[in-house]
Amino acid sequence: MQPSPEQSPHHAYPDHWEADVVLRDGGTARIRPITTDDADRLVSFYEQVSDESKYYRFFAPYPRLSAKDVHRFTHHDYVDRVGLAVTVGGEFIATVRYDRIDAQGRPASAPADEAEVAFLVQDAHQGRGVASALLEHIAAVARERGIRRFAAEVLPANNKMIKVFRDAGYTQQRSFEDGSVHLTLDLEPTAESLAVQRAREQRAEARSVQRLLAPGSVAVIGAGRTPGGVGRTVLRNLLGAGFTGRTYAVNSAFAADQATIDGVPAHRSLGEIGEPVDLAVVAVPADRVPEAVADCGEHGVQGLVVLSAGYAEWGAEGRERQRELVRQARSYGMRIIGPNAFGIINNSEAVRLNASLAPERPASGRIGLFTQSGAIGIALLSGLYRRGAGLSTFISAGNRADISGNDFLQYWYEDPDTDVALLYLESLGNPRKFTRLARRTAAVKPVVVVKGARHSGSTPPGHAVPVSRIPDATVSALMRQAGVIRVDTVTEMVDAGLLLADQPLPAGGRVAILGNSESLGLLTYDACLAEGLRPRPPVDLTTAATPQDFRDALSTALADDGCDAVVVTAIPWVGENGEAESGDGEVLATALHAAAATGPAKPVAVVHVEIGGLAEALAAATSTVAQQRPATASPALGVPGRPAAAAPRRPDTGQAATGRPAPTPDKAAGDAAPAPDAPCPMGRIPAYPAAERAVRALAEAVRYAQWRRQAAVPGKVPEFLDDTIDEPAAGTLIDTLLGQDPDPRGRPLEHDEARELLACYGITVRPTLPAPGPEEAVAAAARLGYPVALKTTAPHLRHRADLGGVRLDLDGEAALRRAYGELTDLLGKPAELRPVVQSMAPRGVDTVVRATIDPAAGAVLSFGLAGAPSELLGDTAHRLVPATDRDAAELIRSIRAAPVLFGWRGSAPVDTAALEELLLRVSRLVDDHPEVVSIALEPVVVATQGLTVLGASVRLAPPPARTDLGPRRLSNY
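First residue of the sequence shown: 5, per the numbering used here; consecutive thereafter.
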């Protein structure tokens with residue numbers, strides 16, 4: 005919506021203030037600036053506000069707005085006078101306004117930095133978090149316009165508005181003056197205000213997902229008149245799953261006298277239903293979707309699952325159609341899964357929803373599954389079904405134009421029915437937010453991710469997302485930092501998910517291996533070593549081992565304090581007649597279940613070869629009741645996804661598949677809870693057809709458990725940095741270097757400029773002097789002192805010692821002149837080479853420290869050894885900024901060449917403490933000053949005592965927008 009020219013004499017209409025937001029109840033609304041065209045909307049809105057709310061706003065009876073009021077409240081300059089409105093269906097439901105004032109409370113202009121603020125929310129929408137969302141946005145607008153404080157007068161009886169201000173988390177002062185409460189809010193964001201904002205975001209987005217997954221009623225729009233077709237298939241699947249709510253079929257082509265279809269009420273439009281509809285599944289051609297969405301919006305539908313294709317996956321025209329679909333749905337307060345979606349499933353017995361194209365509702369379980377691909381979703385459902393795994397929820401979001409994996413992380417974070425989150429992602433729409441949400445969720449339950457379309461330029465055409473320049477290896481490292489278990493294939497995701505869903509987390513990497521095949525045990529042993537685990541020598545039970553032998557050996561291994569996990573290997577055993585007995589997998593499964601049930605809580609995985617029925621029997625649940633279980637060596641972890649004090653859910657069937665009673669500690673276990681230290685029934689031991697797959701899943705669990713333990717005590721930024729950092733001086737220097745009208749592309753700093761900026765953060769760069777000729781080189785060396793280095797700085801030779809562009813340890817004038825001649829004879833004229841002279845640094849290990857700003861992911865700190873081998877092998881570690889002391893320590897230990905820093909082959913260890921401090925200083929610089937868009941310190945020579953930065957390049961640019969720190973808003977692609 006654009007203003008008339010008279011409305012904005014100072015500033016154009018600020019369309020970047022427009023935002024879609026999710027409210028507390030999960031519905032959406034739009035926030036935008038008020039314009040002169042809104043007069044009628046404002047009057048209509050005010051007429052629907054109660055007399056009490058009007059009194060609270062104006063401190064007196066105020067039944068209607070005068071023409072002067074309407075003009076005042078719709079004419080703004082977007083600087084000193086700003087008004088925002090919240091709209092649903094195009095109509096106002098709330099407004100907020102600020103007016104800049106001086107110290108005496110009179111209207112003012114800049115540089116006055118205080119404004120008076122006032123809110124009005126329609127009574128029907130109070131309690132939805134509308135005012136809280138408006139406060140976030142009007143505060144961001146005010147900060148942008150140079151306003152630092154809000155003043156508000158509130159009647160003492162207006163408790164709701166007082167609470168909005170009090171709970172916002174801003175620094176504030178309150179006083180009672182002339183019968184009203186006077187509030188002053190400092191608008192500078194605080195740790196508390198950011199925490200409040202993100203907590204509200206989590207509750208709202210989780211609620212918006214819950215409304216989709218647990219509807220009280222579902223309408224399938226596009227259910228065909230004859231069997232077959234997408235809509236009719238979804239309707240059949242809804243009925244087949246036993247959906248507990250009301251179901252309706254909607255199709256404009258139904259005959260007027262058609263009352264039912266497949267036993268459910270049939271209607272030609274939603275308006276005919278006459279009852280509220282919570283969820284609509286849209287399965288009509290793309291050109292008819294707008295009509296269906298409008299029908300849903302007019303009749304109060306809360307959410308949509310759009311199965312229809314023909315959107316962004318079809319090119320530019322489809323992409324614009326997709327954007328319009330999202331705009332239309334959000335204008336009515338609805339959220340969308342899709343378009344081009346496969347559907348959603350909720351296995352809760354209270355819901356039993358299968359609003360998807362999957363013909364069978366999968367078994368109930370503790371795994372939540374999100375996928376952006378319908379084909380991958382089908383494959384995952386099939387794979388999990390074959391392995392006996394159950395799901396809590398399943399979502400295949402297609403083009404995920406609105407609801408994405410981030411929203412489901414918000415939901416799963418506090419979902420009591422989900423212990424493990426599995427996500428197949430082909431693109432990351434908001435990497436910063438994903439990393440933040442994944443870190444928080446991973447702190448309480450595992451998050452396993454497969455990232456498809458990993459290579460640059462291969463994002464699926466249906467996914468319109470911001471472009472990220474970060475290589476896939478960096479994305480993987482950042483996911484690891486956030487606690488995400490990143491795997492390469494969907495098979496590995498299922499493998500890891502099965503173990504994490506039903507087994508406790510290991511206390512360490514010590515693995516016991518036992519089984520009836522020496523060869524299979526050795527393969528498992530080798531696989532453990534390859535994954536960085538600490539296997540114990542395999543215990544060979546011989547091929548004559550019976551199920552009882554397996555049970556005894558497993559019980560012994562679990563009871564061993566030197567063991568953190570057990571891998572059982574099994575091949576068909578040989579009977580007395582010499583023939584392999586491969587059909588008694590159920591018997592072996594019963595024995596393993598019994599041993600696991602009576603032992604300490606440690607993860608158990610089984611590797612088997614051609615033992616019929618074993619995998620199925622191991623996957624069979626033997627109880628549906630959560631039972632108490634003995635504590636492990638790491639009681640703070642327990643089973644993923646459940647509180648430490650809660651019992652791990654280890655179901656057991658009271659009866660084995662063979663019909664023989666399964667060994668249980670107490671036949672009455674289902675009647676009364678066992679004592680806290682008593683063993684209990686177990687179940688669902690994951691089985692794998694190859695040792696490598698079992699060990700890889702176990703290794704992921706070990707690494708994740710270690711991350712959980714470390715995350716429980718977060719790292720910190722050492723306080724000593726504050727004493728040696730001059731942040732204001734760096735800010736002043738950056739403003740001077742960028743100038744009043746900076747180039748959006750930015751500018752690289754000259755050598756001396758970079759040295760001066762880095763010095764503000766305690767980073768000393770060894771000086772270099774230009775040497776355009778041999779005489780200048782000799783003079784520079786005399787000034788710096790021998791020995792010196794002679795280096796070229798031409799872009800094509802920079803940091804390429806292997807090309808001969810560096811001469812070291814020149815201890816006198818003769819050596820320097822000789823080296824200068826050799827350099828120019830070999831590589832070219834001095835004007836091309838740009839030689840410099842630098843004093844020699846103490847010997848050590850050459851390393852590289854970098855920090856870059858990615859528009860989508862944010863600031864990334866990187867470390868590696870200098871030289872071509874590290875570049876060729878991609879041996880670089882990465883962490884998100886701001887980095888803590890723990891991040892810095894892990895960063896230098898994460899590269900494969902890290903042993904070189906710690907005394908490899910008898911060499912002296914270098915000063916890694918100094919290196920960690922340098923990393924923290926660089927992290928602090930780019931975090932404090934987003935204008936620093938890239939830093940490269942190369943080489944950094946780390947000696948046994950201290951380090952020397954020999955080269956530095958810095959680039960400045962106007963800072964990119966930080967949407968993750970602004971007010972809550974939904975992404976628009």
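Beta carbons: idealized from backbone N, C-alpha and C, even for Gly.
If you're wondering where the values come from, they're calculated on a predicted model, not measured in any experiment.
Environment of residue i [buried if 16+ CB atoms lie within 10 Å]
i       : result
Gly-372 : buried
Asp-670 : Caution is warranted here: a pLDDT of 33 is assigned to Asp-670, below 50, making its placement in the model unreliable, and the coordinate value is therefore given only provisionally. Under this definition Asp-670 is an exposed residue.
Arg-370 : buried
Arg-633 : Residue confidence for Arg-633 is low, a pLDDT of 33 falling below 50, so the modelled location carries little weight; the figure read from the coordinates is stated next. Arg-633 comes out buried.
Ala-16  : exposed
Ser-54  : exposed
Asn-163 : exposed
Trp-908 : exposed
Phe-77  : buried
Pro-541 : exposed
Thr-768 : exposed
Gln-306 : buried
Glu-10  : Caution applies to Glu-10, whose pLDDT of 42 falls short of 50 and renders its modelled position unreliable; the model cannot decide the point.
Glu-279 : exposed
Pick from the options that is closest to residue i, judged by C-alpha positions
i       : options                               : result
Ile-575 : Ser-480, Leu-618 and Ile-105          : Leu-618
Ser-179 : Leu-191, Ala-107, Gln-108 and Glu-157 : Glu-157
Val-717 : Gly-825, Ala-210, Thr-99 and Arg-890  : Arg-890
Thr-32  : Ala-333, His-20 and Arg-897           : Ala-333
Gly-233 : Val-288, Ala-624 and Gly-342          : Val-288
Val-479 : Arg-68, Lys-455 and Ala-359           : Lys-455
Ser-41  : Val-769, Arg-540, Glu-51 and Ala-89   : The question names Ser, but residue 41 is Asp in the sequence shown. Ranking the options by Cα distance to Asp-41, first place goes to Ala-89.
Ser-48  : Ala-623, Ser-70 and Tyr-59            : Ser-70
Arg-250 : Ala-359, Ala-313, Arg-153 and Ile-899 : Ala-359
Leu-924 : Gly-878, Val-853, Thr-948 and Gly-910 : Val-853
Ala-978 : Ile-341, Gly-394, Ala-940 and Arg-45  : The chain is shown from 5 up to 977; residue 978 falls before or after that span and cannot be answered.
Asp-84  : Tyr-102, His-75 and Arg-68            : Tyr-102
Pro-508 : Ala-609, Asn-434 and Thr-439          : Ala-609
Ala-98  : Ala-135, His-79 and Pro-65            : Ala-135
Ala-548 : Ser-400, Ser-521 and Val-572          : Ser-521
Leu-426 : Arg-390, Ala-354 and Asp-499          : Asp-499
Gly-235 : Lys-833, Val-254 and Met-338          : Val-254
Residue span of the alpha helix (DSSP H) that contains residue i, given as start and end
i       : result
Ser-927 : 916-932
Tyr-315 : Careful: Tyr-315 lies outside any alpha helix (DSSP H) and carries neither H nor E.
Gln-414 : 409-417
Gln-201 : 195-217
Thr-984 : Because the chain spans 5 through 977 in this model, residue 984 falls outside it and cannot be assessed.
Lys-58  : 55-62
Gly-342 : Run containing Gly-342: none; DSSP gives neither H nor E here.
Whole-angstrom C-beta distance between residue j and residue i, which should lie under 8 Å
i       : j       : result
Pro-604 : Leu-537 : With 8 Å as the limit, Pro-604 and Leu-537 do not qualify as a contact, their Cβ atoms being about 19 Å apart.
Gly-30  : Ser-212 : 4 Å
Ala-569 : Pro-607 : 5 Å
Glu-935 : Leu-742 : 6 Å
Ala-313 : Gln-326 : Wrong, their Cβ atoms sit about 11 Å apart, outside the cutoff.
Residue range of the beta strand (DSSP E) that includes residue i
i       : result
Glu-120 : 118-125
Ser-400 : 395-400
Thr-888 : Per DSSP, Thr-888 belongs to no beta strand (DSSP E) and is neither H nor E.
Residue i: CB within 7 Å of a non-hydrogen atom of the ligand GTP
i       : result
Phe-906 : This structure simply doesn't include the ligand GTP, nor any ligand for that matter.
Exercise. Counting Cβ pairs closer than 8 Å, one from the segment 141-153 and one from the segment 209-229, do we hit at least three?
Worked result: no
For this session: Check whether the segment 895-912 touches the segment 813-833, counting contact only when three or more Cβ pairs, one atom from each stretch, lie closer than 8 Å.
Result: no
For this session: Tell me, please, whether the segment 374-385 touches the segment 339-353 by the rule of three or more beta-carbon pairs shorter than 8 Å.
Result: yes
Exercise. So does the segment 269-288 actually touch the segment 178-198, counting three or more Cβ pairs closer than 8 Å?
Worked result: no
Exercise. Between the segment 686-699 and the segment 519-538, do at least 3 Cβ pairs fall closer than 8 Å?
Worked result: yes
Exercise. When the Cβ atoms of the segment 253-272 are set against those of the segment 221-232, are three or more pairs found closer than 8 Å?
Worked result: yes
Exercise. Looking at C-beta atoms only, is the number of pairs between the segment 774-782 and the segment 736-749 that lie closer than 8 Å three or more?
Worked result: no
For this session: Give a yes or no on contact between the segment 702-716 and the segment 502-522, applying the rule of three or more CB pairs nearer than 8 Å.
Result: yes
Exercise. Quick one: any contact between the segment 410-430 and the segment 439-449, if contact means 3 or more CB pairs under 8 Å?
Worked result: yes
Exercise. Counting pairs of beta carbons, one from the segment 291-304 and one from the segment 236-246, are three or more of them closer than 8 Å?
Worked result: no
Exercise. Taking contact to mean at least 3 C-beta pairs separated by less than 8 Å, is the segment 840-859 in contact with the segment 938-950?
Worked result: yes
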